[in-house]
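Student: The structure is given below, and queries will be raised subsequently.
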Amino acid sequence: MSEKEHLDFIRQIVADDVASGKHDGRVLTRFPPEPNGFLHIGHASAICLDFGVAADYGGRTTLRMDDTNPTTEDPAYVEAIERDIAWLGFEWEGDVRYASDYFEPLYQLALRMVEDGFAYVDSLSESEIRDHRGSVREPGRPSPYRDRSIEENLQLFRAMRAGEFPDGAHVLRAKIDLSASNMKMRDPLMYRIRHAHHYRTGDAWPIYPFYDWAHGQSDGIEGITHSLCTLEFQDNRELYDWFIEHTRPSVAQIDSLPGAEGGGSEDLGSWDPRPRQYEFARRNLDYTIVSKRKLLPLVEDGSVSGWDDPRMSTLAGLRRRGVPPDAIRAFCDQVGIGKADNRVSVGTLEWAIREALNPRAPRVLCVLDPLKVTITNYPDDGIDWLEAPYFPRDVKAPPEDWPATRRIPFSANLYIERSDFAEEPPSGFKRLAPGREVRLRHGFFITCDEVVKDGGGEVVELRCTYDPATSGGSSPDGRKPSGTIHWVSADASLPAEIRLYDRLFKVADPYEGVEDFRDNLNPNSLEILDAFIEPSVAEDPPDTSYQFERTGYFIRDRATRSVSKVAGSNGAGAHAEAGSRLVFNRTVSLRNTWETTVYLEPDVAITSVLEPGVTVGPVPEPASETGEPTIGEDTGRLARDRIREESLPLQTSFERFQRELGLTEEVADLLSASPASIDFYERAIAGGANPEAVANWLLNKVRGAESKEGPAGTRAAGESSLEPEALGALVDLVESGTISVTTGNDLLSRLVADGGDPREIVDREALGRLVDRARIRDVAHQVIADHPEEAGRFRAGQAKLAGFFVGQVMRATENRADASLVRNIVEESLNEAS
RNA sequence: UGGCCCGUGGUGGAAUUGGCAACACGUCUGGCUCUGGACCAGAAGAUUCCAGGUUCGAAUCCUGGCGGGCCAACCA
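Start counting the first sequence at 283; every next residue gets the next number (the working numbering).
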């Protein structure tokens, strides 16, 4: 992958880890699909990330089948997944891994959890467990079996494993916290009893681990360093970490693994490297579904012809549609990765496809919707084989294994595209019309002399004359026709079936406004055309991607169709298989700026019509008389007021802050929210620092500095080494002008991290404020000289660039300069220097 | 009166961690062309969800509000 100056947030984390020498700088990621369906374009994004991140940092990626649910999985899916990833162009580390290969070590690990008292066997029914779990609003209740002895748990769990109980009789649960606000932590299930046949382990196991238990431990077993998954697993991360921290793996347990290196039975104590989970937003594509579970019903109910139906967003479908793998990779690269919900336009995918195909797809002629043209001044039984280049001049490096030209037949009977003729041409129309001349691509100029219609008034034939002097596309007299159109000989072309695919769903968001997303299926997503194509294609390799000139990119489908009607033929189509015709899938149309495709961005049009002036949120309701918080009210303030009503000291401080210290009500409110907060503030101002300034620092900057995270994943939330007295001293230093505000900011982060006395640090490091006008002016001049372009733009009126120069000067003086002074001097210097 | 996460042009997203709101797709001009494609040149499009606050300076920090997503499967 090319070096980018910008790193997405995942790569930033990995880059930091590598730089800090975590795991000795090793990176191992994993792609863990469940083999219960085909991979789709959404997975492509995850695959590109998992494999791409590792590759960027010299790491590797394992492919792991997350096959812990025997009832949904199938070896056919395993095969499809491997095929699709390989096709996409990625190579996984070693053999394919299977979670099912880890069933034994997982079980051993679980046994230890039971021994250590971190897991218990619960014998409640499924619905009872659900009931005991409580809701998001109410805490759960412990199961009556929660306090079984370790011995009993051990014996029961072993019996579960031995197959002594029927399905549903017991489960193994982690013993965590039934009242956790995170539902995932309310004693999550680790194992269920399921007497089911697993496609790999057969009937060896009557119990199967759940995702949360299996996944993190599998990461540990494989030595994964960065475990990337989608946003909906954010709540699971706390559990992931809990499991990682509470297991005690030993070499013996993972020794039974295929490919294990062997080696004793000593305790590993913990997983090393310790895997960490990071989440990113899944990629949604408009007019498309990216969910294996939603795609399955389409396959099952016959809405599509299979997982590889070219309308499907599956990699297999895209492949059959003719989308090259590098286009998908380019697309994933282009949209990148983030944490915000999104819906990418399919236009972006189409762009990537055209970009990939344009330089390498040979151009051929194919008429999709034929209109008969008779050349009246050409011999009826004549035929000319014209030499035509496969690539236009602007394709600089056509594929070397493809010939430069082919021959195409010209005869008295031709087909042109019905849309390339207009009896009454609109203005700007550059194609054929009565009396007009156009160029046939790679052929002659023709002029339309006569329009033949059927009884219904529909045009059925054009009678034209050609100019024999224009062979090769130009006329000796130098005249230029208004346009160039594609065509095909009716006497010597091949009949072809063309399948045009439109989006599978009618609306950008298939889940919008319906209970069943299938109600949003586009009934016209497939259009089949009887077309004619130049005969050269019959001899080409079957998987060739073409550009049909002026229409789009197409690929030959593996299917052939028997001829439904005999095409006008004199045997020139002899290369085609007798009695059959070729089938082509349209991969994507050409970009079309003439016929503005109405369907292209309908959602844009619709929103602008439906929501003309809709502004932000709803109008706040007036407060209700019950005093209950209503929308728009400051509920935090209400809560604090209520607490103060019941606590005299709090209320006293609240009032004193306002009356004696002159703080605003809002500031006093925040400061008097808790005894700890009041105490901290009182101690900070005890040294004589300006109360108002201290309050502002405390409320704004200190909170900001404390919430800033350290190196990814290692943040110790709420931990601060800042002493109140130090804050008071710091504020005093700034207020008295001893140090600059910016130095104060820097110092604050250091105090929060490491503690200390600001006065000492300032003395020791000579951080005193720089107010020497001459010094600052020197620096400013230097900065201006170094940035002539910006200086010019400032003088041209871009006033906000002053901030840029202030920043540069501050940097040059290590933040010691007085910023107001700097701004002053910078603006002065900028103006005088002109 | 739950927890967690997320709001930057139409779309996806940058902003070197408080100092010029990048880039790409799309749109619109103009040029070139034997493809109304490609290519070349240019333009338009953003009070960074809102309101306050801190700061010389805020997309970024603080407070509150609004909006969206996920979580109560013996699925993953």
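Quick reminder that beta carbons are idealized off the backbone N, C-alpha and C, glycines included. This one's a predicted model, so the numbers in the text were calculated from it and none came from an experiment.
If contact is defined by three or more beta carbon pairs under 8 Å, each pair taking one atom from either stretch, is the stretch 337 to 356 in contact with the stretch 446 to 457?
Tutor: The stretch 446 to 457 is not in contact with the stretch 337 to 356.
Student: So, are the CB atoms of ASP731 and LEU653 less than 9 Å apart?
Tutor: Here residue 731 corresponds to residue number 449 of the first sequence, with the count starting at 1. Here residue 653 corresponds to residue number 371 of the first sequence, with the count starting at 1. The answer is no: Cβ separation not under 9 Å.
Student: Once DSSP output is grouped into helix, strand and coil, what is the label at ILE458?
Tutor: Counted from its first residue, the first sequence places residue 458 at position 176. ILE458 falls in the coil class under three-state DSSP.
Student: Using DSSP with H/G/I as helix, E/B as strand and the rest coil, what is ARG312?
Tutor: Here residue 312 corresponds to residue number 30 of the first sequence, with the count starting at 1. ARG312: strand per DSSP, three-state reduction.
Student: Can we say the stretch 738 to 752 touches the stretch 769 to 783, given the rule of at least three CB pairs closer than 8 Å?
Tutor: No contact exists between the stretch 738 to 752 and the stretch 769 to 783.
Student: Report the rounded CA-to-CA distance for LEU1030 versus VAL1016, giving the unit in angstroms.
Tutor: Locating residue 1030 in the first sequence gives position 748, where the first residue counts as 1. Locating residue 1016 in the first sequence gives position 734, where the first residue counts as 1. For LEU1030 and VAL1016, the distance between alpha carbons rounds to 11 Å.
Student: Name the residue from ILE1058, ASN1027, ARG636 whose alpha carbon lies nearest to the alpha carbon of VAL1044.
Tutor: Locating residue 1044 in the first sequence gives position 762, counting from the first residue. VAL1044 has its Cα closest to that of ASN1027, out of ILE1058, ASN1027, ARG636.
Student: Could you round the C-beta distance between VAL1034 and VAL1065 to whole angstroms and report it? I think they count as a contact, below 8 Å.
Tutor: By one-based count along the first sequence, residue 1034 stands at place 752. By one-based count along the first sequence, residue 1065 stands at place 783. Rounded, the Cβ-Cβ distance is 31 Å, inconsistent with contact.
Student: Give the straight-line distance between the Cα atoms of SER431 and GLY502, rounded to the nearest whole angstrom.
Tutor: Locating residue 431 in the first sequence gives position 149, where the first residue counts as 1. Locating residue 502 in the first sequence gives position 220, where the first residue counts as 1. Taking the straight line from one Cα to the other gives about 29 Å.
Student: Looking at the secondary structure, which residues open and close the beta strand (DSSP E) in which ASN1126 lies?
Tutor: This structure leaves residue 1126 out entirely; the chain is present only between 283 and 1116.
Student: Can SER764 and ARG832 be called in contact, C-beta distance under 9 Å?
Tutor: Residue 764 sits at position 482 when you count from the first residue of the first sequence. Residue 832 sits at position 550 when you count from the first residue of the first sequence. Their beta carbons are not under 9 Å apart, which means SER764 does not touch ARG832 by this criterion.
Student: Suppose only complete runs of 4+ residues qualify. What are the alpha helix (DSSP H) ranges in the stretch 687 to 774, listed by chain order?
Tutor: Those alpha helix (DSSP H) runs which fall completely within the stretch 687 to 774 and span 4+ residues do not exist here.
Student: Using a Cβ-Cβ cutoff of less than 6 Å, which residues in the same chain neighbour GLY599 once the five nearest sequence positions on both sides are dropped?
Tutor: Walking along the first sequence from the start, residue 599 turns up at place 317. Closer than 6 Å at the Cβ level, and outside the excluded window around GLY599, lie ASP590, ASP591, PRO592.
Student: Between which two residues does the beta strand (DSSP E) holding PHE787 run?
Tutor: The residue given as residue 787 occupies position 505 in the first sequence. From DSSP, PHE787 is part of no beta strand (DSSP E); its letter is neither H nor E.
Student: DSSP on GLU809, reduced to helix/strand/coil?
Tutor: Locating residue 809 in the first sequence gives position 527, counting from the first residue. Note: GLU809 maps to strand in three-state DSSP.
Student: Rounded to the nearest angstrom, how far is the Cβ of VAL976 from that of VAL1013, given a contact under 8 Å?
Tutor: As a first step, residue 976 is located in the first sequence; it is residue number 694 there, counting from the start. As a first step, residue 1013 is located in the first sequence; it is residue number 731 there, counting from the start. The Cβ separation is near 5 Å, so the contact holds.
Student: Could you spell out where the beta strand (DSSP E) holding LEU576 opens and where it closes?
Tutor: Residue mapping note: residue 576 aligns to position 294 of the first sequence, counting from 1. The residue asked about is misnamed: residue 576 is Lys in this sequence, not Leu. First-last for LYS576: 574 to 582, but that is the alpha helix (DSSP H), not the beta strand (DSSP E).
Student: Given the structure, does ARG675 come close to the ligand NAD, in the sense that its CB is under 8 Å from one of the ligand's heavy atoms?
Tutor: In the structure shown, the ligand NAD is absent, as is every other ligand, since no ligand is present at all.
Student: Nearest-angstrom Cα distance between ASP404 and ILE489?
Tutor: Reading the first sequence from its first residue, position 122 is the one you call residue 404. Reading the first sequence from its first residue, position 207 is the one you call residue 489. Approximately 14 Å, taken between the alpha carbons.
Student: Pop quiz: GLN516 and GLU446 are said to be a contact at Cβ under 8 Å. What is the actual Cβ separation, rounded to whole angstroms?
Tutor: Working through the first sequence from its first residue, we reach residue 516 at position 234. Working through the first sequence from its first residue, we reach residue 446 at position 164. At roughly 38 Å, the Cβ-Cβ gap does not stay under 8 Å, so GLN516 and GLU446 are not in contact.
Student: Among LEU510, GLY551, LEU513, GLU514, which residue has its Cα nearest to the Cα of ILE526?
Tutor: Taking the first sequence and counting its residues from 1, the one referred to as residue 526 is at position 244. Answer by Cα proximity: GLY551.
Student: Kindly indicate which residue of ARG938, ARG415, GLU434 has the alpha-carbon position closest to the one of SER463.
Tutor: In the first sequence, counting from the first residue as 1, residue 463 sits at position 181. For SER463, the nearest C-alpha among the options comes from ARG415.
Student: What three-state label does DSSP hand GLU669 in the structure shown?
Tutor: Stepping through the first sequence from its first residue, residue 669 is reached at position 387. The answer is strand: DSSP assigns GLU669 an E or B state.
Student: Use the C-beta contact count for GLN829: other C-beta atoms within 10 angstroms, 16 or more gives buried, fewer gives exposed.
Tutor: To locate residue 829, count along the first sequence from 1; it is residue 547. Flag for GLN829 reads buried.
Student: Would the stretch 290 to 310 count as touching the stretch 565 to 574 if we require 3 or more Cβ pairs under 8 Å?
Tutor: Output reads no: the stretch 565 to 574 does not touch the stretch 290 to 310.
Student: For the beta strand (DSSP E) containing LEU864, list its first residue and its last residue.
Tutor: By 1-based counting over the first sequence, the position of residue 864 is 582. Looking at the DSSP string, the run of the beta strand (DSSP E) that includes LEU864 is 862 to 871.
Student: From which residue to which residue does the alpha helix (DSSP H) around ALA496 run?
Tutor: The sequence position of residue 496 within the first sequence is 214, counting from 1. Here the alpha helix (DSSP H) through ALA496 covers 493 to 504.
Student: Any chance you could list the alpha helix (DSSP H) runs of at least 4 consecutive residues sitting entirely within the stretch 395 to 468, in chain order?
Tutor: Runs of the alpha helix (DSSP H) inside the stretch 395 to 468: 408 to 414, 432 to 443.
Student: Taking the Cβ atom as the reference point for each residue, do ARG428 and ASP469 lie within a distance shorter than 9 Å?
Tutor: Locating residue 428 in the first sequence gives position 146, where the first residue counts as 1. Locating residue 469 in the first sequence gives position 187, where the first residue counts as 1. It is a contact, given that the beta carbons lie within the stated cut-off.
Student: Can at least three beta-carbon pairs, one atom from the stretch 612 to 621 and one from the stretch 630 to 639, be found at a separation below 8 Å?
Tutor: The stretch 612 to 621, when compared against the stretch 630 to 639, does touch it at the 8 Å Cβ threshold.
Student: Can you tell which of TYR963, SER929, ARG482, THR869 has its C-alpha closest to the C-alpha of ARG601?
Tutor: Within the first sequence, numbered from 1, the residue matching residue 601 stands at position 319. Closest option to ARG601, Cα to Cα, is THR869.
Student: For a quick check, are the C-beta atoms of TYR380 and ARG476 less than 9 Å apart?
Tutor: Looking up residue 380 in the first sequence gives position 98. Looking up residue 476 in the first sequence gives position 194. No, they are not a contact pair.
Student: Please list the terminal residues of the continuous alpha helix (DSSP H) segment that includes PHE936.
Tutor: As a position in the first sequence, residue 936 is number 654, starting the count at 1. Unbroken alpha helix (DSSP H) run through PHE936: 930 to 941.
Student: If you count every other CB in all the chains shown that lies within 10 Å of the CB of LYS304, and 16 or more means buried, which is it?
Tutor: Here residue 304 is taken as the residue at index 22 of the first sequence, counted from 1. Flag for LYS304 reads buried.
Student: CA-CA distance, ASP306 and TYR339?
Tutor: Indexing the first sequence from 1 puts residue 306 at position 24. Indexing the first sequence from 1 puts residue 339 at position 57. Near 12 Å, if we compare the C-alpha coordinates of TYR339 and ASP306.
Student: Just confirm the distance between the C-beta atoms of THR687 and GLU669, as a whole number of angstroms; I'd bet it's less than 8 Å.
Tutor: As a first step, residue 687 must be located in the first sequence, where it is residue number 405. As a first step, residue 669 must be located in the first sequence, where it is residue number 387. With a Cβ gap of about 5 Å, THR687 and GLU669 count as contacting.
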